[in-house]
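Those protein sequence lines, which keep their order, are chains D and R.
The opening position of the first sequence corresponds to residue 1 in our numbering, with each subsequent residue numbered one higher.
The opening position of the second sequence corresponds to residue 1001 in our numbering, with each subsequent residue numbered one higher.
We put the CB at the ideal spot given by N, CA and C, even for glycine.
Scroll down for the structure; my scribbles are underneath it.
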Amino acid sequence: DAKTTQPDSMESTEGETVHLPCSHATISGNEYIYWYRQVPLQGPEYVTHGLQQNTTNSMAFLAIASDRKSSTLILTHVSLRDAAVYHCILTGANTGKLTFGHGTILRVHP
Amino acid sequence: EAAVTQSPRSKVAVTGGKVTLSCHQTNNHDYMYWYRQDTGHGLRLIHYSYVADSTEKGDIPDGYKASRPSQENFSLILELASLSQTAVYFCASSDGNSQNTLYFGAGTRLSVL
């Protein structure tokens, strides 16, 4: 699976909209983009995923660049509960074998 | 109510001892996984299973065995625990139609002394 690059950390304030970037310049045509988040002392939580089109669900909006070399996870009206490490993961096979990197630490201030 | 339950939540073991970590899921999922996480690092896959009574090796299987006696239960066994196996262990499950959408348990914090 191709490699992703994310910033080490980002800061936000409650109520703001946060844009979490992920770069994946060598993504293959069959690779999906998955986002998970993890808070301390808990397991990772699935956020969203996409292949080519932008997607949205109750947790976030995923914007995928037209060339698929980057994507952005957009969190609206963030709260303190959104503070977590956000992982951008690429996977081409439907196997459940995910490779987690360091992710982006999102800090949310009151 | 948690759909993937791990036990124990934490454990202290002695070097050379046997450790069994248990995982139970109520998602009715066919696929189950064991990952480990070391402090400050991402998760790494140890073993996984597609069906009861069958297990597969993940990326770092050395020193670990797995057992899947039923669809709901998946155990990770450390026959001879070592210091290097001190970590947090996460169990997860997924269904056949979306295997990459994993549902994780809360983790087991293992300290080997």
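R:TYR1064 versus D:GLU14 - alpha carbon distance: 43 Å
Checklist entry - Using a C-beta cutoff of 8 Å, does R:SER1049 count as contacting chain D? => result no
Report the residue from D:PRO44, D:ARG37, D:THR72 whose alpha carbon sits nearest the alpha carbon of D:LEU51.
D:THR72
message: With DSSP as the reference, identify every bridge partner of D:PRO21, one or two as the case may be.
response: D:THR72
message = Residues of chain D with CB closer than 9 Å to the CB of R:THR1101, please, in chain order.
response = TYR34, TYR46, HIS49, GLY96
On the criterion of 16 or more Cβ atoms from any shown chain inside 10 Å, does D:VAL108 qualify as buried, or is it exposed? buried
If we define contact as Cβ-Cβ less than 8 Å, is D:PHE100 a contact residue for chain C? As a matter of chain content, chain C is missing from the structure shown, whose protein chains are D and R.
Taking just the CA atoms, how far does R:PHE1074 sit from R:ARG1068?
C-alpha separation (whole angstroms): 5 Å.
Point to revise | Environment of D:ALA25 [buried if 16+ CB atoms lie within 10 Å] | key: exposed
- request: Look at the alpha carbon of R:SER1082 and the alpha carbon of R:VAL1112, and state the distance between them as a whole number of angstroms.
  value: Cα to Cα, the separation comes out at about 6 Å.
- Message: Spatial neighbours of R:GLN1071 within its chain, please: C-beta separation below 6 Å, excluding the five flanking residues on both sides.
- Response: ALA1052
>> Out of D:THR4, D:HIS102, D:SER28, which one is the CA nearest neighbour of D:ALA84?
In response: D:HIS102
Would you grab the beta carbon distance between D:HIS87 and D:PRO40 for me? Rounded to a whole angstrom, and I think it's under 8 Å. Wrong, their Cβ atoms sit about 14 Å apart, outside the cutoff.
Worksheet entry | Where D:SER79 sits in the DSSP three-state scheme | coil
I need the boundaries of the beta strand (DSSP E) containing R:LYS1057, first residue and last residue. Annotation: the continuous beta strand (DSSP E) that includes R:LYS1057 extends over 1054-1057.
Would you tell me roughly how many angstroms separate the C-alpha atoms of R:SER1120 and R:VAL1004, rounded to the nearest one?
Because chain R spans 1001 through 1113 in this model, residue 1120 of chain R falls outside it and cannot be assessed.
Which residues in chain D have a C-beta closer than 9 Å to the C-beta of R:LEU1045? List them in chain order. GLY96, LYS97, LEU98, THR99
List the residues of chain D that R:PHE1090 touches, going by C-beta distances under 7 Å, in chain order.
-> GLY43
| Distance, R:THR1055 Cα to R:VAL1014 Cα | 26 Å
query = What does D:THR55 reach in chain R if we use C-beta pairs closer than 8 Å?
reply = Chain R residues near D:THR55: none, gap ~13 Å exceeds 8 Å.
- request: State whether the stretch 1099-1107 of chain R contacts the stretch 89-97 of chain D, with contact taken as three or more CB pairs (one from each stretch) at a distance under 8 Å.
  value: yes
If you measure from the beta carbon of R:PHE1104 to each beta carbon in chain D, is any gap under 8 Å?
yes
Which residues does DSSP pair with R:PHE1074 in a beta bridge?
R:CYS1023
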